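So for the sequence shown, this note's numbering puts the first residue at 1129; every next one is plus one.
For glycine and all other residues, C-beta sits at the position ideal for the given N, C-alpha and C.
This one's a predicted model, so the numbers in the text were calculated from it and none came from an experiment.
Report on the following structure.
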Amino acid sequence: VDAKGHPFSIKSQYGTGTQDMIESPLVENNGVDVGTVKLSVPASDSSTLYPNILYYQCQNHPAMKGRIIIRDLADEDFDPVENLIGATSFTDYTGLTLTNGLPISFATDIEDAYKNKVYYVEGVGKAITITPETEIRTFGTWAQEIGAIWDEDGVEGFDTTGWDNST
């Protein structure tokens, strides 16, 4: 941490100040604004007394906060609502950074509602949304193609050079 005036705290719930800070052995050097805060990740099963969701927050500013979710990823499906939607940015495990307009699809290890569907990403930089491809209106497929009525019979030779499909 190198944030003078912004003490970084790992807590059991959101809140400024020093209340609800998680102490040793789980967190060492909690609440520093310059230095190293060490989090020893607890087991995410019933063998631990620690919560699976921890919170980090500046002790002085209520808006400087976030969550640390502790899970065994081998046992978890990806949940777009929890991990993607509403985030300002997202980079997957391969290094792909999502951008607006990017089509994405989910195949396995995903909540069933999202499986084997294509979505378009929007809101990157503000609050990410994903829109199902089936809800995207593409007006080009609704337009009826007509030939150029002044050369329907091909007398002028436009049919051979691509002009017949122009309007």
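(request) Using 10 angstroms around the beta-carbon of Val1169, count the other beta-carbons present and answer buried if the total reaches 16, otherwise exposed. (result) It counts as exposed.
(request) Using beta-carbon positions only, say whether Asp1237 and Phe1218 come within less than 7 Å of one another. (result) The Cβ-Cβ distance between Asp1237 and Phe1218 does not fall below 7 Å.
(request) Entirely within the stretch 1196 to 1245 and at least 3 residues each: give me those beta strand (DSSP E) ranges in chain order. (result) For the beta strand (DSSP E) assignment, the uninterrupted runs of no fewer than 3 residues enclosed by the stretch 1196 to 1245 are, from N- to C-terminal side, 1231 to 1234.
(request) Drop a sphere of 10 angstroms on the beta-carbon of Pro1190, count the other beta-carbons inside from all chains shown, and report buried for 16 or more, exposed for fewer. (result) Exposed.
(request) Put Thr1146 into one of helix, strand or coil per three-state DSSP. (result) In this structure, Thr1146 counts as coil in the three-state DSSP scheme.
(request) Name the residue from Glu1250, Gly1143, Val1249, Val1129 whose alpha carbon lies nearest to the alpha carbon of Gly1194. (result) Ranking Glu1250, Gly1143, Val1249, Val1129 by CA distance to the CA of Gly1194 puts Gly1143 first.
(message) Let me check one thing: in DSSP terms, what residues is Gly1194 bridge-paired to?
(response) Per DSSP, the beta bridge partners of Gly1194 are Tyr1184.
(request) Just grab the DSSP bridge partners of Val1155 for me. (result) Answer is Leu1167.
(message) Could you tell me the alpha carbon to alpha carbon distance between Ile1138 and Asp1240, rounded to whole angstroms?
(response) Ile1138 and Asp1240: Cα-Cα distance of roughly 33 Å.
(message) Between the alpha carbons of Glu1151 and Cys1186, how many angstroms are there, rounded?
(response) Distance between the alpha carbons of Glu1151 and Cys1186 is about 16 Å.
(message) One question on the structure: do Val1162 and Asp1130 come within less than 7 Å of each other, judged by their Cβ atoms?
(response) In contact: Val1162 and Asp1130 (Cβ atoms closer than 7 Å).
(request) Please state if the CB of Ile1198 and the CB of Asn1180 are separated by a distance shorter than 7 Å. (result) Yes, the Cβ-Cβ distance between Asn1180 and Ile1198 is below 7 Å.
(request) Confirm, please, whether the CB-CB distance from Glu1250 to Asn1228 is below 7 Å. (result) Yes. Within cutoff.
(message) Taking a contact to mean a Cβ-Cβ separation below 7 Å, would you say Tyr1178 touches Leu1154 in this structure?
(response) Yes.
(request) Return the residue from the list Leu1226, Tyr1221, Thr1222 that minimises the CA-CA distance to Ala1215. (result) Ala1215 has its Cα closest to that of Leu1226, out of Leu1226, Tyr1221, Thr1222.
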